[in-house]
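Working notes for the structure below.
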């Protein structure tokens with residue numbers, strides 16, 4: 003472990019002891035959220051991102067060590083293991099390097115080089131090197147044998163042996179591989195006859211860029227174009243003479259004196275080393291692209307899950323549709339379904355007045371404060387309906403509900419899931435979607451945990467990345483998000499409880515069953531009565547589970563039960579009760595954490611405890627806010643360059659951010675228009691769901707495209723950065739697994755916008771079908 007810990011510590015630039023303690027805690031079955039929050043003394047304050055890196059790298063390095071051992075044993079069994087080779091294998095820092103070193107000793111099917119060696123042609127190979135001025139044909143005549151009956155075949159055998167040496171030399175292979183990646187160039191051209199069909203890849207029809215400079219989204223666009231038969235990719239390694247020179251130098255071959263050797267080197271480069279280097283470069287580019295795409299998914303999903311909740315407010319949800327009607331559901335402040343209905347305000351039924359009256363009646367009856375409108379098909383008309391419903395209520399003397407557009411991504415996936423069937427066994431599938439839309443406005447995190455993270459649609463190219471890695475990455479994001487907020491054990495669903503550190507799906511269901519049978523939990527200790535919730539699970543989960551209004555006020559906070567004695571010491575020292583301490587900033591701000599630290603709880607933990615006492619159960623999510631759209635700007639044609647508008651960031655990609663300014667077509671802020679300073683990652687500037695001010699830079703009404711800038715002093719007409727169509731969106735921007743993404747035009751006055759999915763953003767921005 004020490005060697006692995008040292009390697010990881012160097013990568014993270016932390017102390018070896020921090021990584022060693024983290025690995026020990028992980029090996030003992032502790033979860034990342036628990037370690038990050040409640041074991042800061044042991045790890046020196048490593049955060050969840052560092053801990054997950056440690057976990058992932060440890061797995062890789064353990065597998066690497068096991069592979070090294072297996073390779074050493076295999077070579078030793080062949081009687082070919084030297085001290086030098088052993089040192090090289092043990093020093094290898096990657097699986098690729100180990101495999102390069104093992105290649106000459108790996109069991110393989112007999113090659114032409116093997117056959118040539120058995121025929122004694124190594125002697126001819128050596129003569130060709132030692133005597134470069136001699137005639138190769140004359141030298142070969144002395145080495146004819148069965149299978150190699152003439153000079154030509156004998157020389158081919160000698161060449162096969164020489165080329166095999168090139169291809170199995172670990173140092174040469176590694177150097178060529180690195181040089182190709184660092185100095186080579188990706189070139190792409192259009193497949194003849196595919197120009198119209200693949201128009202979205204037009205900027206890649208004549209394209210070239212060094213491998214090392216290609217950003218992840220562009221790599222995936224190129225690979226997608228190739229997979230769809232639109233693009234031909236050419237891996238240009240650079241000057242072939244340089245690589246041929248490397249080979250000749252490595253084996254000290256007098257190629258200037260021997261045309262045969264020069265041709266053999268060229269043959270070896272083109273048929274072996276270039277092929278393997280190109281394959282490796284493709285793999286490295288794909289890995290780089292996937293890593294970048296996964297980071298986009300990870301960051302956007304975190305933003306969506308931790309988006310500001312509208313809170314406990316009665317909500318009417320509209321799941322728009324034409325022929326099949328608008329599915330509607332009213333939920334109370336706790337998310338309990340109060341009523342459902344289907345209205346038919348749109349074509350072909352066109353029952354607008356009746357639908358408006360029915361929904362206004364429902365909203366008034368249940369004291370609705372919010373109207374959540376799904377952003378799918380018929381969203382435009384349904385938003386207008388929501389606005390008129392709100393106006394009717396206001397005209398009747400009631401408080402006007404606020405219409406808010408909500409992303410439907412994943413709603414249909416949830417509605418047809420086993421979770422939804424268990425939650426609403428007697429409800430029509432289409433109505434379940436409306437319930438989900440209402441609840442995700444009230445509390446995005448609590449509702450979205452019921453949906454497969456891949457179906458929330460917050461990334462790009464999600465079909466093109468490793469699905470196992472994608473699932474693991476997104477699951478980790480969900481786990482961290484849930485535990486950073488905390489969960490009310492008396493109201494949480496089983497899917498939400500399942501994401502709490504230490505709780506399995508079975509235990510989560512058992513908690514809900516116990517609650518249903520015995521009523522509310524009044525203390526955290528009572529969780530010990532839940533079947534299969536043992537001491538270890540309790541240790542991991544207790545600090546993240548909240549009991550509001552329970553017997554012990556600390557049970558509603560993030561203070562872990564194991565640390566309650568610390569609070570008791572604080573109470574004794576101040577002469578106050580726990581209840582009097584909570585929220586008492588005047589007293590708590592004057593306390594020194596070191597005064598209450600001991601051998602078990604150090605200053606970092608005591609600092610957290612005092613902060614939690616000051617604001618117990620504090621929700622880290624931002625305050626709910628909606629963008630105020632400009633009156634009279636309802637469609638793309640209403641936009642004019644130079645306008646400064648307020649909007650909501652609907653999604654963030656590697657090349658920029660999509661912003662909804664109230665015209666049902668998201669505008670694109672390219673990364674180059676985000677700041678006066680260089681921005682390498684748009685997430686450094688904005689996040690999904692953020693309300694921002696933007697300036698309209700250009701408007702293309704025909705193509706429904708809007709160029710925006712976060713730099714409000716920019717002037718329209720300035721040169722804009724070139725953006726590839728596939729880079730900007732379309733199908734390359736990712737496919738939506740959920741329901742959202744219908745193109746919307748026009749907008750009722752006063753509409754509000756909540757954050758949406760990547761697929762929604764791409765389509766609303768005019769990129770895609």
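Residue numbers (my numbering): 3 to 771. For every residue, glycine included, the Cβ atom is placed at its ideal position computed from N, Cα and C. A quick note: this is a predicted structure, and the numbers were derived from the prediction, not measured.
Query                                                                                                                                                                           : Result
Is it the case that the Cβ atoms of residue 218 and residue 656 are separated by a distance below 8 Å?                                                                          : yes
Quick check on this structure: which residue in 676, 288, 303 and 158 has the alpha carbon closest to the alpha carbon of residue 266?                                          : 158
Do residue 35 and residue 482 have their CB atoms nearer than 8 Å?                                                                                                              : yes
Taking only the alpha-carbon atoms, compute the straight-line gap between residue 625 and residue 352 and give it to the nearest angstrom.                                      : 38 Å
Can you tell me which of the three DSSP states residue 318 falls into?                                                                                                          : strand
Below 6 Å CB to CB, which residues in the same chain sit around residue 641 once its five sequence neighbours on both sides are set aside?                                      : 698 and 701
Measuring CA to CA, which of 278, 378 and 23 is closest to residue 166?                                                                                                         : 278
According to DSSP, is residue 133 part of a helix, a strand, or is it coil?                                                                                                     : coil
To the nearest angstrom, how far is it from the Cα of residue 548 to the Cα of residue 689?                                                                                     : 28 Å
Near residue 280, what residues of its chain come up, given a Cβ to Cβ distance below 8 Å and the 5 sequence neighbours on each side ignored?                                   : 182, 237 and 239
Run through DSSP, which three-state label would residue 584 get?                                                                                                                : coil
For the region 390-410 and the region 350-365, state whether three or more C-beta atom pairs, one from each stretch, are separated by less than 8 Å.                            : yes
Excluding the 5 residues preceding and the 5 following residue 595 in the sequence, name in chain order all residues of the same chain whose CB lies nearer than 7 Å to its CB. : 605, 608, 609 and 612
State the start and end residues of the unbroken beta strand (DSSP E) segment that holds residue 113.                                                                           : From DSSP, residue 113 is part of no beta strand (DSSP E); its letter is neither H nor E.
Are the region 255-262 and the region 124-140 touching, with three or more C-beta to C-beta distances below 8 Å?                                                                : yes
Helix, strand or coil: which one does DSSP assign to residue 39?                                                                                                                : helix
Compare the Cα-Cα distances from residue 39 to each of 50, 125, 289 and 162 and report the closest residue.                                                                     : 50
Short check: CB of residue 503 to CB of residue 560, under 8 Å?                                                                                                                 : no
Less than 8 Å between the beta carbons of residue 162 and residue 114, yes or no?                                                                                               : yes
Do residue 222 and the ligand GDP come close, with the Cβ less than 7 Å from some heavy atom?                                                                                   : With respect to small molecules bound, the structure shown includes none, and the ligand GDP cannot be examined in it.
Considering only residues of the same chain and omitting the five flanking positions on each side of residue 63, which have a CB-CB separation below 8 Å?                       : 6, 9 and 10
Which residue wins for smallest C-alpha separation from residue 616, given the options 431, 185 and 572?                                                                        : 572
Between the beta-carbon of residue 467 and the beta-carbon of residue 588, is there less than 8 Å?                                                                              : no
Return the chain-ordered list of same chain residues with a C-beta closer than 8 Å to the C-beta of residue 37, the five sequence neighbours on each side being excluded.       : 24, 27, 28, 44, 45, 48 and 53
Can you look up residue 8 in the DSSP assignment and give me helix, strand or coil?                                                                                             : helix
Please classify residue 359: does DSSP put it in a helix, a strand, or coil?                                                                                                    : helix
Pull up the CB-CB distance for residue 121 and residue 139, whole angstroms please, since I reckon it's below 8 Å.                                                              : Going by Cβ atoms, the distance from residue 121 to residue 139 rounds to 17 Å, so no, they are not a contact pair.
For residue 486, count neighbouring Cβ atoms within 10 angstroms of its own Cβ and tell me buried if that reaches 16, exposed if not.                                           : buried
Three-state secondary structure (DSSP) at residue 458?                                                                                                                          : coil
If we call anything under 8 Å between Cβ atoms a contact, is residue 552 one with residue 580?                                                                                  : no
Is residue 373 helix, strand or coil by DSSP?                                                                                                                                   : strand
Tell me the rounded alpha-carbon separation between residue 650 and residue 185.                                                                                                : 41 Å
Are the region 626-640 and the region 664-672 in contact at 8 Å, needing three or more beta carbon pairs?                                                                       : yes
Does chain C have any CB closer than 8 Å to the CB of residue 254?                                                                                                              : As a matter of chain content, chain C is missing from the structure shown, which is built from one protein chain.
Going by DSSP, name the residue or residues bridged to residue 147.                                                                                                             : 150
Sort 563, 369, 683 and 644 by Cα distance to residue 716 and report the nearest one.                                                                                            : 644
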